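Numbering (the numbering used here), first residue to last: 1 to 97.
This report refers to the structure that appears directly beneath it.
Given below as structure tokens:
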């Protein structure tokens with residue numbers, strides 16, 4: 001199955017992401033995080049919520065992990081793809097196209 005949003009195409013079978021036919025290399029954690037964002041466009045997702053999804057609650061001790069993954073995704077996909085909502089969490093830009 002594939003997900004398409006904000007100009008990105010996420011292929012779950014091949015575990016890869018592409019834009020305009022060009023593959024973008026992501027780590028498995030970045031892939032899972034992006035997939036979760038794409039499944040919840042237009043929803044504000046808190047760091048703790050994302051951390052629970054990514055690590056099944058096992059890795060709560062380092063809240064910076066999500067920030068690092070989000071920054072890596074922004075570097076690879078463009079800053080506008082994931083928006084920071086101060087004090088609330090992150091918003092995936094797929095809702096606006």
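Heads up, the beta-carbon is just placed ideally off N, CA and C, and yes, glycines get one too.
Computed from a predicted structure; not experimentally measured.
Own chain, CB closer than 7 angstroms to residue i, minus 5 neighbours either side, in chain order
i	result
residue 10	2, 3, 17, 34, 35, 38
Residue i classed as buried or exposed, judged by whether at least 16 other C-beta atoms fall within 10 angstroms
i	result
residue 6	buried
residue 30	buried
residue 68	exposed
residue 44	exposed
residue 21	exposed
residue 93	buried
Alpha-carbon spacing of residue i relative to residue j, whole angstroms
i	j	result
residue 32	residue 25	13 angstroms
residue 28	residue 42	23 angstroms
Own chain, CB closer than 8 angstroms to residue i, minus 5 neighbours either side, in chain order
i	result
residue 23	16, 17
Cβ shell of residue i (< 6 angstroms), same chain only, five flanking positions each side left out
i	result
residue 50	66
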